[in-house]
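Numbering (my numbering), first residue to last: 29 to 373.
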Amino acid sequence: MTGPAAGGTVRPDLPGERAMPRPLAILGATALALLAAAPLRAQSLAGGPSGSQPPIRLIVGFPPGGGIDLLTRVMGEGLSARLGRTVVVENRAGAGGNIAADAVAKAAPDGSVLGAVPAGPLVINRHIYRTMPFDPLADFTPISRFAAIPVVFLAAPRAGITDIASLRAALEKGPLPCGTPGAGTTQHLAVVLLMREIGRDCTLVHYRGTGPALPDLLTGTIALYTDTVVTGLPPARDGRARAVAIASPARSALAPEVPVVAESVPGFVAETWLALVGPRGLSEAQAARLEAAMVAIARDPAVAARLRDLAAEPVGSTRAELAETIRAQDAVWGPVARAANVTAD
Numbered sequence: 029m030t031g032p033a034a035g036g037t038v039r040p041d042l043p044g045e046r047a048m049p050r051p052l053a054i055l056g057a058t059a060l061a062l063l064a065a066a067p068l069r070a071q072s073l074a075g076g077p078s079g080s081q082p083p084i085r086l087i088v089g090f091p092p093g094g095g096i097d098l099l100t101r102v103m104g105e106g107l108s109a110r111l112g113r114t115v116v117v118e119n120r121a122g123a124g125g126n127i128a129a130d131a132v133a134k135a136a137p138d139g140s141v142l143g144a145v146p147a148g149p150l151v152i153n154r155h156i157y158r159t160m161p162f163d164p165l166a167d168f169t170p171i172s173r174f175a176a177i178p179v180v181f182l183a184a185p186r187a188g189i190t191d192i193a194s195l196r197a198a199l200e201k202g203p204l205p206c207g208t209p210g211a212g213t214t215q216h217l218a219v220v221l222l223m224r225e226i227g228r229d230c231t232l233v234h235y236r237g238t239g240p241a242l243p244d245l246l247t248g249t250i251a252l253y254t255d256t257v258v259t260g261l262p263p264a265r266d267g268r269a270r271a272v273a274i275a276s277p278a279r280s281a282l283a284p285e286v287p288v289v290a291e292s293v294p295g296f297v298a299e300t301w302l303a304l305v306g307p308r309g310l311s312e313a314q315a316a317r318l319e320a321a322m323v324a325i326a327r328d329p330a331v332a333a334r335l336r337d338l339a340a341e342p343v344g345s346t347r348a349e350l351a352e353t354i355r356a357q358d359a360v361w362g363p364v365a366r367a368a369n370v371t372a373d
């Protein structure tokens, strides 16, 4: 691997995903409305009356009010409306999402406990944490990938970096300082992967989130910063930084004017995402009904608009597609995480 090998120890609460602040300055009322929506209520998983079965516990590994939590509440509201069950969002934060994911893995496979699980616990954490209480490849029933939040590469305004080609050229002169919102995050691993793919090195500088990093990017203390579109697009839109490229499979509806990395590095994708999973052993009938509900929810134009308000792209994958995503991304991020030499207890 030609990319950097940044070492360090990740705090147990530094996941591949982070609680996201209000995206693009449009969350306010939406966030309050979503938080007020739990517990969420509608029809029944078995098709009976709403009160005929106990609530579905939808467990998420991040605190209330953050981006992953808000996406989970959109998911829960849709499930409640389509499946006929009260859905209660249960926040179990910590260990990069592993605590919540473990609770789902160890739950009875009767459909009463489901997990809103991001990429970290499913494809990254097992390559970073010294011990894992569950096997992400074996201990879950994949249902659907609900939404994706792509990584964006930002350049300092006077760095002279406008696209991947100029980034590669700038790095020919030697490594440049590149910031991330924390060691072990998807954003960190994304820049390691990019350096490997373009055959260059950078000097990694890990911050505790975007807040402390942004002033250094704006002044040129760091030349590059890797973020999600949630917090990365606003400074690019107001001219304080330059959006070099977004790491989504195709140009994002959130910023169609920004090229994707794959236009210069074929196949390059780096996203955080949120999926619905159940415990291993969930019945075929239950899994199929949940899958159909999730696909319909993500395709609902009103839901898609709410997701984009949260700076997320709707996905609505099938069970087979989610299972393949987990396998494929585990194979990608495993070598990258090992090369980055990041460990967590």
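Built from N, CA and C at the ideal position, the CB exists for glycine as well.
How should A281 be labelled, buried or exposed, when 16 other C-beta atoms within 10 angstroms of its C-beta is the threshold for buried?
-> Using a 10 angstroms sphere on the CB of A281, the tally of other CB atoms stays under 16, which defines it as exposed.
Using three-state DSSP, classify L63 as helix, strand or coil.
-> Residue confidence is low: L63 scores 41 on pLDDT, short of 50, so the model does not pin down where it sits. No coordinate-derived value is stated.
For M322 and I171, believed in contact at Cβ under 8 Å, the rounded distance = That pair is a contact at about 6 Å.
Quick one: is the Cβ of A372 within less than 6 Å of any heavy atom of the ligand ADP?
-> Looking for the ligand ADP in the displayed structure turns up nothing, as the structure carries no ligands at all.
How big is the Cα-Cα spacing for R268 and L98?
-> R268 and L98: Cα-Cα distance of roughly 27 Å.
Once you ignore the five residues that flank R317 on each side, which residues in its own chain have a CB closer than 6 Å to its CB?
-> Answer for R317: no residue qualifies.
Would you call S80 buried or exposed, if buried means 16 or more other Cβ atoms sit within 10 Å of its Cβ?
-> Taking all protein chains shown into account, S80 has fewer than 16 neighbouring C-beta atoms within 10 Å of its C-beta and is therefore exposed.
Unbroken beta strand (DSSP E) run spanning T254, endpoints = For T254, the enclosing beta strand (DSSP E) has its first and last residue at L252 to T256.
Are the beta-carbon atoms of V220 and A368 separated by less than 7 Å?
-> If you check the CB distance, V220 and A368 come in under 7 Å.
Are there 16 or more other CB atoms within 10 angstroms of the CB of D163, so buried, or fewer, so exposed?
-> D163 is classed as exposed because its beta carbon has fewer than 16 other beta carbons within 10 Å across all chains shown.
At what residues does the beta strand (DSSP E) containing H155 begin and finish?
-> Careful: H155 lies outside any beta strand (DSSP E) and carries neither H nor E.
Quick one: which unbroken alpha helix (DSSP H) runs of 4-plus residues sit fully inside the region 75 to 143? Chain order, please.
-> Fully enclosed alpha helix (DSSP H) runs of 4 or longer: 95 to 111 and 126 to 133.
Would you say G362 and P137 are within 7 Å of each other, going by their C-beta atoms?
-> In this structure, G362 sits away from P137, with a CB-CB distance that is not shorter than 7 Å.
Cα-Cα separation between D229 and G202, rounded to whole angstroms = If I take the Cα positions, the gap works out to 8 Å.
How many angstroms separate the CA atom of D373 from the CA atom of T300?
-> The straight-line gap from Cα to Cα measures roughly 22 Å.
Are P20 and G237 close, meaning C-beta to C-beta below 7 Å?
-> Past the boundaries of the shown model lies residue 20; the chain is included only from 29 to 373, so the question cannot be answered.
Would the region 263 to 277 and the region 285 to 301 be scored as touching if the rule is three or more Cβ pairs under 8 Å?
-> The region 263 to 277 vs the region 285 to 301: in contact.
Look at the alpha carbon of A133 and the alpha carbon of V257, and state the distance between them as a whole number of angstroms.
-> Cα-Cα distance, rounded: 30 Å.
Compare the beta carbon distance of V116 and T100 with 7 Å and say whether it is the shorter of the two.
-> A distance of 7 Å or more separates the beta carbons of V116 and T100.
For the beta strand (DSSP E) that contains T371, what are its first and last residues?
-> Unbroken beta strand (DSSP E) run through T371: V370 to A372.
For I325, I'd like the list of residues in its chain whose CB is within less than 6 Å of its CB, leaving aside the five on either flank, ordered along the chain.
-> Here the set comprises G106 and V331.
Would the region 349 to 364 and the region 145 to 152 be scored as touching if the rule is three or more Cβ pairs under 8 Å?
-> In this structure the region 349 to 364 touches the region 145 to 152; the number of beta carbon pairs closer than 8 Å is three or more.
Classification of G35 by the beta-carbon crowding that lies within 10 angstroms, buried from 16 upward | With a pLDDT of only 37 at G35, under 50, the local geometry of the prediction cannot be trusted, and the value read off the model is given with reservation. Taking a 10 Å sphere around the C-beta of G35, we find fewer than 16 other C-beta atoms and assign the residue as exposed.
Whose C-beta lies closer than 6 Å to the C-beta of A184 among residues of the same chain, with five residues either side of it excluded?
-> L245, G248 and A251.
Tell me which same chain residues have a C-beta within less than 8 Å of the C-beta of P307, skipping the five on either side of it?
-> Once the five neighbours on either side are set aside, the close Cβ partners of P307 are V132, A133, K134, A135, A136, P137, V141, D167, F168 and T169.
If you draw a straight line from the alpha carbon of Q314 to that of P83, how long is it in whole angstroms?
-> Straight-line Cα distance between these residues: approximately 15 Å.
Can you give the beta carbon distance from A193 to S292, rounded, assuming they're within the 8 Å contact cut?
-> Rounded to whole angstroms, the Cβ separation of A193 and S292 is 6 Å, and the two are in contact under 8 Å.
Please check the pair M103 and F181, which I expect to be a contact at CB under 8 Å, by giving their CB distance rounded to whole angstroms.
-> In this structure M103 is not in contact with F181, their Cβ atoms being roughly 28 Å apart against a cut-off of 8 Å.
Determine, using beta carbons only, whether P260 and Y235 come nearer to each other than 7 Å.
-> The residue asked about is misnamed: residue 260 is Gly in this sequence, not Pro. Result no, Cβ atoms of G260 and Y235 do not sit closer than 7 Å.
If you draw a straight line from the C-alpha of Y253 to the C-alpha of S311, how long is it?
-> Going from the Cα of Y253 to the Cα of S311 covers about 44 Å.
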